[in-house]
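A.B. asks: Going by this note's numbering, the sequence shown opens with residue 652, and the numbers climb by one from there.
Cβ atoms here follow ideal geometry from the backbone N, Cα and C, with glycine treated the same way.
Predicted, not measured: the structure shown is a model, and the values here were computed from it.
Dumping the structure here so I can ask a few things about it.
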Amino acid sequence: MEEIFDKCIGDVRIEENGYVVTRGTSINSGEVRGKQEYTSGKHRLRFSIEKKSSAWIFIGIISKTTPIKQNSYKSLSFYGWASYDHYYAGGLIKRKGDIFSVYDILENDTIELLINATAQIVQYTNERTKQTQQLTVDITKCPLPWQILINLNGCEDRIRLLSLTDTL
């Protein structure tokens, strides 16, 4: 199975045959979904943060049944992270510290997203900081199939999809 960025909304563009997404320079954020649908098994995706402003980047999953729209990371069916300490789970914002906390995703970081559709779990790892966090997905809020969702908020932020590995 191969993953690529497939559909986008807002001020983002898909480049390099679907492996790169870049945000533009307008005041509007943008987001992109992956093409693959995850219904069972474990899938390990790795992303390189090639360019990052001071703004946040959300990385996670969303139910394919949720229509693509601006800021869909706020929907009930989004599970994902802006950083280790700032994540969304089924419409709820979880955060340690205050709103001025420093996000731990930096330029040149590699982020791993493990999707375990069978166990209904997603896991985020920042390879630089070695921090890992896991979320249990409520499939009544986020029914299968799932797709990856990336939301870019900072001007000219750029992410590359490095790999997808199916694991047992």
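(1) With DSSP as the reference, identify every bridge partner of Lys658, one or two as the case may be.
(2) Taking Ile712 and Ile801 to be in contact with their CB atoms under 8 Å, please state how far apart those CB atoms are, rounded to whole angstroms.
(3) Going by DSSP, name the residue or residues bridged to Gln785.
(4) Report the residue from Glu654, Glu758, Leu795 whose alpha carbon sits nearest the alpha carbon of Ala768.
(5) In three-state terms, what does DSSP make of Leu669?
(6) Along the chain, where does the beta strand (DSSP E) that runs through Leu800 open and close?
(7) What residue does the beta strand (DSSP E) around Tyr724 start on, and which one ends it?
(8) Excluding the five sequence neighbours on either side, which residues of its own chain have a C-beta within less than 7 Å of the C-beta of Glu701, listed in chain order?
(9) Expressed to the nearest angstrom, what Euclidean distance is found between the alpha-carbon atoms of Glu654 and Val773?
(10) Give me, in chain order, the residues of the same chain whose beta-carbon lies closer than 8 Å to that of Gly675; leave out the 5 immediate sequence neighbours on both sides.
(11) If distances are taken between C-alpha atoms only, which option among Leu803, Thr818, Leu813, Trp797 comes closest to Lys686?
(12) Please name the residue in Ile766, Gln784, Gln771 whose C-alpha comes closest to that of Arg746.
(13) I need the DSSP call for Gly692, collapsed to helix, strand or coil.
C.D. replies: The structure says:
(1) BP columns for Lys658 point to Arg684.
(2) The C-beta separation of Ile712 from Ile801 comes to about 11 Å, leaving the pair out of contact by the 8 Å criterion.
(3) Beta-bridge annotation (DSSP): Gln785 is paired with Gln774.
(4) Distance check between Ala768 and each of Glu654, Glu758, Leu795 places Leu795 closest, using alpha-carbon atoms only.
(5) The question names Leu, but residue 669 is Gly in the sequence shown. Looking at Gly669 - three-state DSSP - the assignment turns out to be helix.
(6) Element bounds for Leu800: 797-803.
(7) For Tyr724, there is no enclosing beta strand (DSSP E), as DSSP gives it neither H nor E.
(8) Excluding residues within five positions, the ones whose Cβ falls inside 7 Å are Arg809, Ile810, Arg811.
(9) Looking at the backbone, the Cα of Glu654 and that of Val773 are separated by about 17 Å.
(10) Closer than 8 Å at Cβ, skipping near neighbours: Asp662, Val663, Arg664, Gly681, Cys806, Glu807.
(11) Out of Leu803, Thr818, Leu813, Trp797, Trp797 has the C-alpha closest to the C-alpha of Lys686.
(12) Restricting attention to Ile766, Gln784, Gln771, the CA atom closest to the CA of Arg746 is found in Gln784.
(13) The answer is coil: DSSP assigns Gly692 none of H, G, I, E or B.
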